[in-house]
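Take a look at the structure below.
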Amino acid sequence: MVKSTRHAKYELYYHIVFVPKYRRSPLTGKTKDRLETIFTEICEDKDLELAESEVMPDHVHLFIGSPPKNAPSLIVNWVKGISARKYNQRYDDRVKWTRSYYVGTAGSSSKGAVEQYIAEQEGGDE
1 MVKSTRHAKY
11 ELYYHIVFVP
21 KYRRSPLTGK
31 TKDRLETIFT
41 EICEDKDLEL
51 AESEVMPDHV
61 HLFIGSPPKN
71 APSLIVNWVK
81 GISARKYNQR
91 YDDRVKWTRS
101 YYVGTAGSSS
111 KGAVEQYIAE
121 QEGGDE
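When we follow my numbering, the leftmost residue of the sequence shown carries the number 1, and every step to the right adds one.
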């Protein structure tokens with residue numbers, strides 16, 4: 001769904017994948033549920049859309065929508081850093097993420113959408 005800010009229309013989604021440090025398999029049971037809750041909290045706090053999340057035993061997949069002001073690397077830093085900090089403060093077991101991650105863009109842009117945008121701009125620059 002196309003969203004807008006004061007000066008931009010956008011549809012930006014990022015597929016983010018990252019793994020726990022040392023490739024252990026701690027992401028099951030209560031840990032999985034707790035992480036999913038924390039990811040939802042982070043996205044609400046940062047005005048992001050958590051379209052999908054999947055916590056696998058040895059990695060995490062997130063599909064996050066964001067306004068164009070947020071760089072993909074910033075979103076990853078928020079999600080990994082805040083989730084580890086919140087999890088480790090709330091629970092006795094620990095979560096640590098590796099420094100690496102994968103991020104890919106996803107969104108839809110059709111010729112019709114671009115033409116519609118251009119037509120809307122013919123009224124003048126505000």
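A virtual CB, placed ideally from N, CA and C, is assigned to each residue, including glycine.
With contact counted as at least three CB pairs below 8 Å, one residue from each stretch, are the region 29-43 and the region 7-17 in contact? no
Quick one, which of Arg85, Trp78 and Val103 has its alpha-carbon nearest Leu48's? Trp78
Kindly indicate which residue of Ile64, Lys21, Pro57 and Lys86 has the alpha-carbon position closest to the one of Gly104. Ile64
Close Cβ partners of Lys96 (< 7 Å) along its chain, the five nearest in sequence each way excluded: Pro20, Lys21 and Ala84
Suppose you measure from the CA of Ala106 to the CA of Asp92; what does that come to, to the nearest Å? 36 Å
What number of angstroms, rounded off, separates the C-alpha of Lys32 from the C-alpha of Pro72? 24 Å
Do you know how far the Cα of Val2 is from the Cα of Lys111? Only weak support exists for where Lys111 lies, its pLDDT of 49 falling under 50; the value from the coordinates is given anyway. Taking the straight line joining both Cα atoms gives about 14 Å.
What number of angstroms, rounded off, separates the C-alpha of Arg34 from the C-alpha of Pro68? 29 Å
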